[in-house]
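*Asks:* Heads up: the protein sequence lines correspond to chains A and B, in order.
For the first sequence, the positions run 1 to 278 when my numbering is used.
For the second sequence, the positions run 279 to 556 when my numbering is used.
2 protein chains.
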Amino acid sequence: MNESFGVRLQERIRDLGPLCVGIDPSATMIEKWGRVDSVDGLEFFSLAVLEAVLDTAAVVKPQVSYFERFGSEGYRVLERLLEDARDANVMVIADVKRGDIGSTNEGYAEAWLGDASPLRVDALTLSPFLGIESLTPFFRRAHESGRGAFVLSATSNAEGRQIQRARTADDVSVEALVLQSVAALNAQHDGLGSLGVVLGATRERPEFDLPALAGPYLVPGVGAQGANSDQVARLFDRCPLGTVLVNVGRSILERGPERSALRDAARRWRDELSAALL
Amino acid sequence: MNESFGVRLQERIRDLGPLCVGIDPSATMIEKWGRVDSVDGLEFFSLAVLEAVLDTAAVVKPQVSYFERFGSEGYRVLERLLEDARDANVMVIADVKRGDIGSTNEGYAEAWLGDASPLRVDALTLSPFLGIESLTPFFRRAHESGRGAFVLSATSNAEGRQIQRARTADDVSVEALVLQSVAALNAQHDGLGSLGVVLGATRERPEFDLPALAGPYLVPGVGAQGANSDQVARLFDRCPLGTVLVNVGRSILERGPERSALRDAARRWRDELSAALL
Numbered sequence: 001m002n003e004s005f006g007v008r009l010q011e012r013i014r015d016l017g018p019l020c021v022g023i024d025p026s027a028t029m030i031e032k033w034g035r036v037d038s039v040d041g042l043e044f045f046s047l048a049v050l051e052a053v054l055d056t057a058a059v060v061k062p063q064v065s066y067f068e069r070f071g072s073e074g075y076r077v078l079e080r081l082l083e084d085a086r087d088a089n090v091m092v093i094a095d096v097k098r099g100d101i102g103s104t105n106e107g108y109a110e111a112w113l114g115d116a117s118p119l120r121v122d123a124l125t126l127s128p129f130l131g132i133e134s135l136t137p138f139f140r141r142a143h144e145s146g147r148g149a150f151v152l153s154a155t156s157n158a159e160g161r162q163i164q165r166a167r168t169a170d171d172v173s174v175e176a177l178v179l180q181s182v183a184a185l186n187a188q189h190d191g192l193g194s195l196g197v198v199l200g201a202t203r204e205r206p207e208f209d210l211p212a213l214a215g216p217y218l219v220p221g222v223g224a225q226g227a228n229s230d231q232v233a234r235l236f237d238r239c240p241l242g243t244v245l246v247n248v249g250r251s252i253l254e255r256g257p258e259r260s261a262l263r264d265a266a267r268r269w270r271d272e273l274s275a276a277l278l
Numbered sequence: 279m280n281e282s283f284g285v286r287l288q289e290r291i292r293d294l295g296p297l298c299v300g301i302d303p304s305a306t307m308i309e310k311w312g313r314v315d316s317v318d319g320l321e322f323f324s325l326a327v328l329e330a331v332l333d334t335a336a337v338v339k340p341q342v343s344y345f346e347r348f349g350s351e352g353y354r355v356l357e358r359l360l361e362d363a364r365d366a367n368v369m370v371i372a373d374v375k376r377g378d379i380g381s382t383n384e385g386y387a388e389a390w391l392g393d394a395s396p397l398r399v400d401a402l403t404l405s406p407f408l409g410i411e412s413l414t415p416f417f418r419r420a421h422e423s424g425r426g427a428f429v430l431s432a433t434s435n436a437e438g439r440q441i442q443r444a445r446t447a448d449d450v451s452v453e454a455l456v457l458q459s460v461a462a463l464n465a466q467h468d469g470l471g472s473l474g475v476v477l478g479a480t481r482e483r484p485e486f487d488l489p490a491l492a493g494p495y496l497v498p499g500v501g502a503q504g505a506n507s508d509q510v511a512r513l514f515d516r517c518p519l520g521t522v523l524v525n526v527g528r529s530i531l532e533r534g535p536e537r538s539a540l541r542d543a544a545r546r547w548r549d550e551l552s553a554a555l556l
């Protein structure tokens with residue numbers, strides 16, 4: 001890959017709009033589609049969503065927990081999905097929230113950002129509980145390979161506040177510390193950075209000037225989780241076009257299995273978010 | 279399973295000693311054994327370690343990142359390892375540090391604690407970054423199935439302090455909040471609890487009376503990471519026998535691939551830790 005993830009993502013959002021479609025094949029959702037919750041149901045669901053949204057969504061975001069439910073066979077379905085997405089030139093963020101000590105993170109970085117890995121994606125989500133510095137293997141490998149990473153700052157769930165709003169020794173909240181740290185990493189390279197932050201649309205504005213990240217935001221919490229496109233627009237009002245990627249899952253997925261209904265729902269969300277974020 | 283994880287673990291530690299052997303098939307370690315870092319190398323390494331320590335270690339702890347490097351094929355090797363461990367009656371803790379919002383955690387809980395899952399283990403490690411309450415699906419499923427979980431409190435790496443020692447709104451450190459919360463969950467049931475905490479031997483004593491957890495501790499940081507058995511003994515001096523499980527990885531693994539050398543190293547660590555923790 002010649003261009004960095006940050007630049008590629010920005011171009012794609014400018015072309016297609018800021019919609020990220022969550023591919024969340026939970027037991028509940030597969031059964032809502034009238035299918036049996038099995039490896040076959042998982043494959044049918046995942047590939048159907050990809051096919052329906054590939055010309056509308058800037059990015060798709062498979063939630064890996066729902067694949068891991070089926071062990072190695074679930075991972076084989078995930079590999080098939082990732083292959084199809086690559087063939088269709090759809091960008092993928094693996095929602096894995098990985099994070100461990102440095103040496104262990106080398107293994108995860110190889111899994112999700114390694115050029116030869118069957119699980120390679122454009123970017124992944126990371127949890128900073130073991131310290132932001134422990135995530136260095138991901139940052140290094142993302143930079144080398146033209147891929148990216150999104151570190152959790154303020155997640156969309158209410159219980160997230162408990163630890164994310166705790167105050168560090170420098171009297172800054174954990175969520176703001178993540179933003180500051182990722183901004184500092186992006187500042188080490190010219191242009192738009194490839195390291196992003198997960199910031200829930202359901203959360204308060206953090207103590208950080210959001211455009212200063214100089215990298216992308218991945219925004220959950222819209223639709224079924226309660227936030228609307230106006231809230232997103234207000235929260236990110238001064239961020240450059242193409243740096244805010246908004247995830248919608250359930251509100252689109254529950255329209256399936258009809259491809260046309262899925263496609264229409266994705267287009268409506270895309271158009272609404274595009275208009276709000278312009 | 280008739281007995282709870284906490285009780286089964288305590289019995290096993292009383293019988294065999296407090297050693298947990300980390301199965302960490304990193305590229306570096308596989309190559310140190312003179313093998314090619316491939317799916318075959320991964321399988322050889324993992325099964326060899328299990329076989330060498332199965333009558334010495336109370337528990338084995340595969341580090342899942344090193345299996346995920348190889349995608350679905352790596353997970354197939356992990357499934358084979360877990361099957362062999364079940365056949366040999368060796369307890370397994372999957373070191374996965376999973377943690378997400380509640381609905382997503384249902385998927386992970388099914389993967390690692392579900393009776394029908396090929397990845398089912400006795401217990402897993404959890405990251406509380408999205409709030410301890412978000413981990414409820416794991417706690418519920420552990421209780422129902424006689425399995426367990428270890429929530430990260432203070433990890434063995436120095437960078438862990440950054441977030442783990444931040445102060446919550448109730449002016450308690452994040453690491454102590456985890457201990458208090460898990461203790462409260464264990465107190466909901468009679469007897470020794472099945473919910474544990476990860477507490478690095480390299481870290482300071484937290485603001486919490488450690489025996490009050492009424493559940494097991496998983497203790498990393500011993501051996502190559504710098505702590506010794508006396509430090510462990512001092513940190514947990516008033517905890518009941520059978521509630522402290524000490525992980526040793528590299529210091530044993532680097533003695534391979536000779537089974538007898540691996541076995542001897544595991545026995546030495548087991549004997550030393552048993553003597554110190556008595």
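Every residue, glycine too, gets a C-beta built ideally from N, C-alpha and C.
1. Kindly say whether R268/A, judged by its beta-carbon, lies nearer than 9 angstroms to any beta-carbon of chain B.
2. I163/A and F407/B look like a contact to me (Cβ under 8 angstroms); what is the Cβ gap, rounded to whole Å?
3. For F322/B, does the three-state DSSP call read helix, strand or coil?
4. Along the stretch 201-226 of chain A, what residues have a CB closer than 8 angstroms to any CB found in chain B?
5. Taking DSSP's pairing of strands, which residues face A18/A in a bridge?
6. Between which residues of its own chain and I93/A is the CB-CB distance below 6 angstroms, once the five residues before and five after are set aside?
7. Show which residues of chain B have a CB atom less than 9 angstroms away from the CB atom of I132/A.
8. Report yes or no: do three or more beta-carbon pairs, one from the stretch 515-530 of chain B and one from the stretch 538-547 of chain B, lie closer than 8 angstroms?
9. Could you tell me if V64/A is buried or exposed, where buried requires 16 or more neighbouring beta carbons within 10 angstroms of its beta carbon?
10. When you compare each of G221/A, V232/A, S194/A and A224/A to A214/A by their alpha carbons, which one comes out closest?
11. Does DSSP put L402/B in a helix, a strand or coil?
12. Output needed for G426/B: all residues of its chain with C-beta closer than 6 angstroms, excluding positions within five of it in sequence on either side, in chain order.
13. Using only CA atoms, which one of R69/A, V21/A, T125/A and A224/A lies nearest to V90/A?
14. For chain A, check one thing: does any of its Cβ atoms lie closer than 9 angstroms to the Cβ of P396/B?
15. With the cut-off set at 9 angstroms, would you say P296/B and L488/B are in Cβ contact?
16. Mind pulling the chain B residues with CB within less than 9 angstroms of S26/A?
17. Among residues of its own chain, excluding the 5 on either side of V49/A, which ones have a beta-carbon nearer than 6 angstroms to its beta-carbon?
18. Quick one: measure Cβ to Cβ for I308/B and L325/B, integer angstroms, because I've assumed they're closer than 8 angstroms.
19. By alpha-carbon positions, which one of V121/A, C239/A and R86/A ends up nearest to Y217/A?
20. State the DSSP-derived secondary structure class of G74/A, mapped to helix, strand or coil.
21. For the stretch 58-81 of chain A, which residues have a CB atom closer than 9 angstroms to at least one CB atom of chain B, in sequence order?
22. Any beta carbon from chain A within less than 9 angstroms of V327/B's own beta carbon?
23. For my contact list, S127/A and G409/B are in at a C-beta cut-off of 8 angstroms; report their separation, rounded to the angstrom.
24. Please classify Q466/B as buried or exposed, where buried requires at least 16 neighbouring CB atoms within 10 angstroms.
25. How would you write the range of the alpha helix (DSSP H) that D24/A sits in, first residue to last?
26. Note down, in chain order, each residue of its chain lying with its Cβ closer than 7 angstroms to the Cβ of L199/A, except the 5 sequence neighbours on either side.
27. Using DSSP with H/G/I as helix, E/B as strand and the rest coil, what is V60/A?
28. Where do the N-terminal and C-terminal ends of the beta strand (DSSP E) with F428/B fall, by residue?
29. According to DSSP, is L473/B part of a helix, a strand, or is it coil?
30. By DSSP, does D542/B sit in helix, in strand, or in coil?
31. From the DSSP output, in three-state form, read off N247/A for me.
32. When the cut-off is 9 angstroms and only beta carbons count, does S405/B lie next to chain A?
33. Please identify the residue among V53/A, L9/A and G34/A whose C-alpha is closest to the C-alpha of S260/A.
34. Give me the DSSP bridge partner(s) of V497/B.
35. Keeping to the same chain, check which residues put their C-beta closer than 7 angstroms to that of W311/B; ignore five residues upstream and five downstream.
36. Rounded to whole angstroms, what is the Cα-Cα separation between R481/B and L81/A?
*Replies:* According to the data block:
1. For the purposes of this step, residue 268/A is taken as residue 268 along the first sequence, with counting starting at 1. Not closer than 9 angstroms to any Cβ of chain B, the Cβ of R268/A fails to qualify, so no.
2. Your numbering for residue 163/A matches position 163 in the first sequence. Your numbering for residue 407/B matches position 129 in the second sequence. The C-beta distance from I163/A to F407/B rounds to 6 angstroms, short enough to fall under 8 angstroms.
3. The residue labelled residue 322/B in the question sits at position 44 within the second sequence. Note: F322/B maps to helix in three-state DSSP.
4. Going along the stretch 201-226 of chain A in chain order, one finds no residue with a Cβ nearer than 8 angstroms to chain B.
5. Counting from 1 along the first sequence, the entry for residue 18/A is found at position 18. According to the sequence displayed, residue 18/A carries Pro and not Ala. Looking at the DSSP assignment, P18/A forms no beta bridge with any residue, so it has no partner.
6. Counted from its first residue, the first sequence places residue 93/A at position 93. For I93/A, where only same-chain residues beyond five positions count, the Cβ hits under 6 angstroms are V59, K61 and A123.
7. As a working mapping, residue 132/A is identified with position 132 in the first sequence. Within 9 angstroms Cβ-Cβ: E437, Q440 and I441.
8. Because the criterion of three Cβ pairs below 8 angstroms is met, the stretch 515-530 of chain B and the stretch 538-547 of chain B touch.
9. As a first step, residue 64/A is located in the first sequence; it is residue number 64 there, counting from the start. Buried.
10. Walking along the first sequence from the start, residue 214/A turns up at place 214. Selected option, being the one with the closest Cα: S194/A.
11. Counted from its first residue, the second sequence places residue 402/B at position 124. DSSP places L402/B in the strand class (E or B) of the three-state scheme.
12. The residue labelled residue 426/B in the question sits at position 148 within the second sequence. Correct list, in chain order: F283, A401, A420 and S472.
13. Here residue 90/A refers to the residue found at position 90 when the first sequence is read from its first residue. Looking only at R69/A, V21/A, T125/A and A224/A, the smallest Cα-Cα distance to V90/A is reached by V21/A.
14. Numbered from its first residue, the second sequence carries residue 396/B at position 118. Output row for P396/B: interface = yes.
15. Locating residue 296/B in the second sequence gives position 18, where the first residue counts as 1. Locating residue 488/B in the second sequence gives position 210, where the first residue counts as 1. One thing to note: P296/B has its Cβ no nearer than 9 angstroms to the Cβ of L488/B.
16. Residue 26/A sits at position 26 when you count from the first residue of the first sequence. Chain B residues near S26/A: S381, T382, E384 and G385.
17. By 1-based counting over the first sequence, the position of residue 49/A is 49. Within the same chain, V49/A has close Cβ partners I23.
18. Within the second sequence, numbered from 1, the residue matching residue 308/B stands at position 30. Within the second sequence, numbered from 1, the residue matching residue 325/B stands at position 47. With a Cβ gap of about 13 angstroms, I308/B and L325/B do not count as contacting.
19. Here the question's residue 217/A lines up with position 217 in the first sequence. The candidate whose alpha carbon is nearest that of Y217/A is C239/A.
20. In the first sequence, the residue the question calls residue 74/A occupies position 74. Taken through DSSP and simplified to helix, strand or coil, G74/A comes out as helix.
21. Across the stretch 58-81 of chain A, CB contacts with chain B closer than 9 angstroms involve Q63, V64, S65, Y66, F67, E68, R69, F70, G71, S72, E73, G74, Y75, R76, V77, L78 and E79, in sequence order along the chain.
22. Looking up residue 327/B in the second sequence gives position 49. By this cut-off, V327/B is not an interface position.
23. Stepping through the first sequence from its first residue, residue 127/A is reached at position 127. Stepping through the second sequence from its first residue, residue 409/B is reached at position 131. At roughly 12 angstroms, the Cβ-Cβ gap does not stay under 8 angstroms, so S127/A and G409/B are not in contact.
24. Taking the second sequence and counting its residues from 1, the one referred to as residue 466/B is at position 188. The Cβ neighbour count for Q466/B, taken over all protein chains shown within 10 Å, is under 16; the residue is labelled exposed.
25. For the purposes of this step, residue 24/A is taken as residue 24 along the first sequence, with counting starting at 1. Looking at the DSSP string, D24/A is not in any alpha helix (DSSP H), and its letter there is neither H nor E.
26. One-based indexing of the first sequence puts residue 199/A at position 199. Close CB contacts of L199/A within its chain, under the 7 angstroms cut and outside five residues either way in sequence, are with S153, A154, Y217 and V219 (chain order).
27. Residue mapping note: residue 60/A aligns to position 60 of the first sequence, counting from 1. In this structure, V60/A counts as strand in the three-state DSSP scheme.
28. Translated into positions along the second sequence, residue 428/B becomes position 150. G426 to A432 is the span of the beta strand (DSSP E), which, as asked, contains F428/B.
29. Residue 473/B sits at position 195 when you count from the first residue of the second sequence. In the structure shown, L473/B falls within a strand segment according to DSSP collapsed to helix, strand and coil.
30. The residue given as residue 542/B occupies position 264 in the second sequence. Look at D542/B here: in three-state DSSP terms it is helix.
31. Here residue 247/A refers to the residue found at position 247 of the first sequence. In this structure, N247/A counts as strand in the three-state DSSP scheme.
32. Working through the second sequence from its first residue, we reach residue 405/B at position 127. Under the Cβ criterion of 9 angstroms, S405/B is counted among the residues facing chain A.
33. On the first sequence, residue 260/A is found 260 positions in, with the first residue counted as 1. Ranked by Cα distance from S260/A, the options V53/A, L9/A and G34/A are led by V53/A.
34. Locating residue 497/B in the second sequence gives position 219, counting from the first residue. According to DSSP, which records beta bridges pairwise, V497/B is partnered with V524/B.
35. Taking the second sequence and counting its residues from 1, the one referred to as residue 311/B is at position 33. Excluding sequence neighbours, W311/B sits near F323, G534 and P535.
36. One-based indexing of the second sequence puts residue 481/B at position 203. One-based indexing of the first sequence puts residue 81/A at position 81. Taking C-alpha positions only, R481/B is separated from L81/A by approximately 42 angstroms.
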